[in-house]
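**Q**
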Amino acid sequence: MIRKLIFLTFLIALSVVSVVAQQKTDFSGTWKLNLTKSEFGVLPPPESRTDVITHKDPSLSDSVTQEGGEGKQQYTANYTTDGKEATNMIGPREVKTAVKWAGSSLAMTSKFQYEGADVLGDNTWTLSADGKTLTMSIHYTSSIGEADQKYVFDKQDTAAATAPATKP
146 MIRKLIFLTF LIALSVVSVV AQQKTDFSGT WKLNLTKSEF GVLPPPESRT DVITHKDPSL
206 SDSVTQEGGE GKQQYTANYT TDGKEATNMI GPREVKTAVK WAGSSLAMTS KFQYEGADVL
266 GDNTWTLSAD GKTLTMSIHY TSSIGEADQK YVFDKQDTAA ATAPATKP
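Dropping the structure here:
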């Protein structure tokens, strides 16, 4: 009887671990770039950037609003997390990106042209344990050279942003 109880307990614990292991990170939210925590390397930093991410696996959409040296840019990039290549227009560039899971992170491989050179971008999205910080680590490789960037975003409290103002 005790053996059956121990075996049953083991099976229940195994099924709970299996369900937890299958859950994937949800990157959805409104994310504001934290300029002081980010690292831009040799590439010019934006003045500001906000990403609105909608993630319902395998569908992933990133609507970006960015201001900087090239003026204001707005675009939406759509991906799937199953490794299939997606084509998006990011500014004036056509960018082909494949996204797949790497544990609880997303690994993106992008191809595009910059000033006539083919560029390969390897981007990893990682969410902090508390779900309040999104880090995008990017490594660019081309015949022009290599560069690394780290974009650190803070999750915005959308409830506070949409709450009506209160009078003192």
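Note that the sequence shown covers residues 146 to 313 in the numbering used here. Using N, Cα and C, we set each Cβ at its ideal position, and we do this for glycine too. Since the structure is predicted, the reported quantities are computational estimates derived from the model, not experimental observations.
By the three-class DSSP mapping on this structure, what secondary structure does THR271 have?
**A** strand
**Q** Identify the continuous beta strand (DSSP E) that holds SER288 and give its terminal residues.
**A** Note, SER288: premise wrong, no beta strand (DSSP E); not H, not E.
**Q** Residue range of the beta strand (DSSP E) that LEU205 falls in?
**A** 204 to 213
**Q** Work out the CA separation of THR271 and ALA166 for me, nearest whole Å.
**A** Caution is warranted here: a pLDDT of 41 is assigned to ALA166, below 50, making its placement in the model unreliable, and the coordinate value is therefore given only provisionally. Each residue's alpha carbon lies about 17 Å from the other.
**Q** Skipping 5 residues on each side, what residues in its chain have a beta carbon closer than 6 Å to that of GLY228?
**A** ALA243 and LYS245
**Q** If you follow the beta strand (DSSP E) that ASP227 is in, where does it begin and where does it stop?
**A** 227 to 235
**Q** Which residue from THR225, LYS241 and TYR220 puts its Cα closest to that of THR232?
**A** LYS241
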